[in-house]
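J.:
Chains as they are written, first to last, in my numbering: chain A, 1169 to 1665; chain B, 1169 to 1665.
1. One question on the structure: do residue 1385(A) and residue 1332(A) come within less than 9 Å of each other, judged by their Cβ atoms?
2. Starting from residue 1395(B) and walking both ways along the alpha helix (DSSP H), at which residues does that stretch end?
3. Report the three-state DSSP secondary structure of residue 1657(B) (helix, strand or coil).
4. Determine the contact status of residue 1387(A) and residue 1483(B), defining contact as a CB-CB distance below 9 Å.
5. Going along chain A in order, which residues have a C-beta closer than 9 Å to the C-beta of residue 1472(B)?
6. Can you give the beta carbon distance from residue 1129(B) to residue 1633(B), rounded, assuming they're within the 8 Å contact cut?
7. Figure out for me which residue from 1635(A), 1650(A), 1171(A), 1626(A) has the closest Cα to the Cα of residue 1347(A).
8. Measuring alpha carbon to alpha carbon, tell me which residue in 1552(A), 1374(A), 1640(A), 1562(A) is nearest residue 1451(A).
9. Please classify residue 1267(A): is it buried, with 16 or more other beta-carbons within 10 angstroms of its beta-carbon, or exposed?
10. Starting from the C-beta of residue 1297(A), find all residues in its chain whose C-beta is less than 6 Å away, skip the five residues before and the five after it, and write them out in chain order.
11. Going straight from the alpha carbon of residue 1519(B) to that of residue 1541(A), what length do you get?
12. Does residue 1596(B) pass the burial test, meaning 16 or more other C-beta atoms within 10 Å, or should it be called exposed?
13. Under 9 Å Cβ-Cβ, which residues of chain B neighbour residue 1524(A)?
14. With burial defined as no fewer than 16 other Cβ atoms inside 10 Å of the residue's Cβ, what is the status of residue 1570(A): buried or exposed?
15. Are the C-beta atoms of residue 1527(A) and some chain B residue less than 9 Å apart?
16. Should residue 1203(A) and residue 1308(A) be called a contact, given that it needs their Cβ atoms to be closer than 9 Å?
17. Taking the alpha carbon of residue 1167(A) as the reference point, which residue from 1282(A), 1379(A), 1410(A) has its own alpha carbon closest?
18. Find the residues of chain A that neighbour residue 1557(B), judging by a C-beta separation of less than 9 Å, and give them in chain order.
19. Which first and last residues belong to the beta strand (DSSP E) in which residue 1218(A) is found?
20. Which residue marks the beginning of the alpha helix (DSSP H) containing residue 1287(B), and which one marks its end?
21. What number of angstroms, rounded off, separates the C-alpha of residue 1432(A) from the C-alpha of residue 1256(A)?
22. Between the segment 1544–1561 of chain A and the segment 1176–1183 of chain B, do at least 3 Cβ pairs fall closer than 8 Å?
23. Return the CA-CA distance between residue 1584(B) and residue 1591(B), expressed in angstroms with no decimal places.
24. Output the distance between the C-alpha atoms of residue 1316(A) and residue 1601(A), rounded to the nearest integer angstrom.
25. Are the segment 1635–1653 of chain B and the segment 1463–1476 of chain B touching by the rule of at least three beta carbon pairs closer than 8 Å?
26. Taking the C-alpha atoms as reference points, what is the distance between residue 1364(B) and residue 1345(B)?
27. Helix, strand or coil, according to DSSP, for residue 1607(A) in the structure here?
28. Where does residue 1343(A) land, buried or exposed, given buried means 16+ other C-beta within 10 angstroms?
29. Just confirm the distance between the C-beta atoms of residue 1478(B) and residue 1524(B), as a whole number of angstroms; I'd bet it's less than 8 Å.
30. Mind pulling the chain A residues with CB within less than 9 Å of residue 1481(B)?
31. Please confirm whether residue 1190(A) and residue 1238(A) have their CB atoms less than 9 Å apart.
32. When the Cα atoms are used, what is the spatial distance from residue 1391(A) to residue 1412(A)?
33. Under 8 Å by Cβ, that's how I've got residue 1351(B) and residue 1406(B) pegged, so tell me the actual separation to the nearest angstrom.
34. For residue 1227(B), collect the residues of the same chain with a Cβ closer than 8 Å to its Cβ; drop the 5 residues on either side in sequence, then sort them by chain order.
35. Evaluate the contact criterion for the segment 1467–1475 of chain A versus the segment 1492–1504 of chain A: three or more CB pairs, one atom per stretch, below 8 Å.
36. Out of 1210(A), 1306(A), 1534(A), point me to the one whose CA is closest to residue 1512(A)'s CA.
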């Protein structure tokens, strides 16, 4: 295990001060050109040396006919060339003194026996020069914190706390927008491709040591270094949450994975066992993986599975209660004292059973602060799940009807919503030991929810996703406790022995 | 069973030519005022008669001190008054000759024994005057086709083909935006409340006969008229799909439902049995219910469960394959002839196994027309599941890089995207017997997907939702076939006997 990311072979690959770029030209429709364009688009501040056999300038940068001509040995080479010249190029890089590379080109192990032989050759060349490389057949890395993102599609996804190591490049390069919409962002993301030299285990080590990574996510179609993976994952998961999506459990999924990276997957049950052994939380879908990451990266450790649901609408309250029940969470009744404290704040027709159904929001301050504050004070409650409605159009209509001038409405609306947000954030700060989660059926991009997401409050698209994510957070901490108990037991029995 | 919606007691309630409004005033913060404001906001073209004890005008409309003063007997009375004057008001309506009402007011059966007695009284009054009413404790109805939506929140959700009968008013009034975002809209929606007079069964009959309703959705916390429900649902489901969400399966869900409408729910298994008996498709969550509705309302009848997945990205292909596998769909290999036809169109490194992974979109026309067209020609294939990426920002970047002038980019981008859409719609028309479904991890509001949704192509937020919805469509038709086989068997044995 490494202690610092600087000790990882991935460090110069995802934090390069300079890169050599092979395969970019002035024809934007080539993969390499797109990747260089991405690198420039996000504002990467390191040196870029395009290498091109004939162009003297590529995308506004001075180009070099051969890597030998480049004035320094760059930290990392990015190779996006036709398969048959990849080996030669890597060899040239080795001669130049380059020790790290990303091989994007495909046509290796995933392409059959001939490709597999070529991959062996590539591995031998790397071995000879001490080169560590990601790929081949990968889409590279993304480090939004460093504005370094050479992948093909770079939406302006904000940097975040999610580390990803993925056997699919798409889930690096095509998820920036998805993550942003859900209140997430990458701390560091790796597309591992065929894992000829650097594999999932190396990524796990890097992400485990990466201070910006709060949660590690893994997209897995098959694990090669099994024993080492388990050893590393166990150690990492004891310090930060690891969530894995394994595709290959269904027959259809298995054969899809096989043709995609050529890695061998096994039956679902084996992977369940491996994940359990490691303390990895398993997600069944990509949606679930990132949902879990949001909860695990933002919520404090829950003390138990007792949830209070707060709503002003019966249906959403009932679906939330049902979702909690199915996720293994319970909805205890509140203490008599809590009910007493609530009484002055909620209408007679409201319910103080759990879910707390206020029937309507009488007073926003009470809705977003006083009532949930009382609920969270209750010792019987470990977590809060709150329903968010607050549609902007409705607020505007009410303001208009109240006689607010048309020109003042946007300002008044914002003032109102900001008040709600501040009240809710105060609530979160006042209960640092109790997870607070929201759900809504409206768009996550509506003002209030969007701003809460931006400030680290997890809000989900429906109650099922919220409840499952809360349950995942709980099970991570339970697994971690169990493991540390086992460890100390083992330790004390060794001492006794 | 009714043959025409005009025969339903709900007809004048959801298609009124005139309404009497009780409980609206010039104070917008009252529920009644909000509901009247909604009715006006959407542009309802019928007559509205506000009844108010002291105001002479309410929200710009002439108000009447008593219903006796109103110049006609309106089709429907909407009552949003304090509990204790509801009975008297309904009696006044009866005397006036009004025969239909929506009782929004709460404080009846859901509020305990006293409320239950009051509800009995309300029922007796209705009986005496032959009044049919929805509620009490409901949020009314929505008929976007008629621009009639007196519920509290009325986003500009377009009218659509989804009928809803809901034991939660929120799922009528708070779902307009949700439905619109997912390519859906209500044909007619009923919040049934306590079902004192009109119940789920009546709604089922109405929606069964409603020509604008292609799919019926039900939100159920408990069924009262069990036998009649089964009888009606069986008859309706034989003609159009019915999808139900039953909350009450988990203990938490059960107690939430109990305090919400006061209806008794039973164990999950009983409801599973009832739904199976009726031919109702069961959804486990609200998200699933509307996902199923989208598939059932847009797709042709699938011939079988054999799906081809088309993608240009390995990861999304693998998750889609896995999702199909879990949903009970299969991914057969393609015929040799199909593979032969595909060869000229896809790169060497692509996969012609199923999923068809083109690795990248070489040519949009091929991606959105030729390739899926070849796939759908294959007799081994019953349905297509296609991955949609096409991020607008990326398209703009490529156009910019290709030298298109900045001012022309929006036009060029739209032209490009419209070309893709037309190609895809031609594809759909060319294969009227094979369901075609899309999935994306990007926002459904991005141009291409949004326009496809608007034109009736179902696209889902992730492959799991797509696969489950396709499986639901399949199981509806299988159930319907089975039932009609049983029926004709029964029929022929009666003839023989």
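Here a beta-carbon is modelled for each residue, glycine too, at the ideal position from N, C-alpha and C.
T.: Checking against the coordinates, here is how it stands:
1. yes
2. 1394–1405
3. helix
4. yes
5. Here the premise fails: no neighbours, minimum Cβ distance about 15 Å.
6. The structure shown does not extend to residue 1129(B), since chain B spans only 1169 to 1665, so no value can be given for it.
7. 1626(A)
8. 1640(A)
9. buried
10. 1262
11. 56 Å
12. buried
13. Chain B residues near residue 1524(A): none, gap ~10 Å exceeds 9 Å.
14. exposed
15. yes
16. yes
17. Here chain A covers residues 1169 to 1665 and nothing more, so residue 1167(A) does not appear.
18. 1321, 1338, 1342
19. 1215–1219
20. 1281–1297
21. Bear in mind that the predicted position of residue 1432(A) carries a pLDDT of just 45, short of 50, making it unreliable; the figure below should be weighed with that in mind. Approximately 29 Å, taken between the alpha carbons.
22. no
23. 11 Å
24. 36 Å
25. yes
26. 29 Å
27. strand
28. buried
29. 5 Å
30. 1336, 1337, 1338, 1339, 1341, 1342
31. no
32. 12 Å
33. In fact, because the Cβ distance is near 26 Å, the residues do not count as touching under 8 Å.
34. 1192, 1194, 1201, 1204, 1205, 1208, 1218
35. yes
36. 1534(A)
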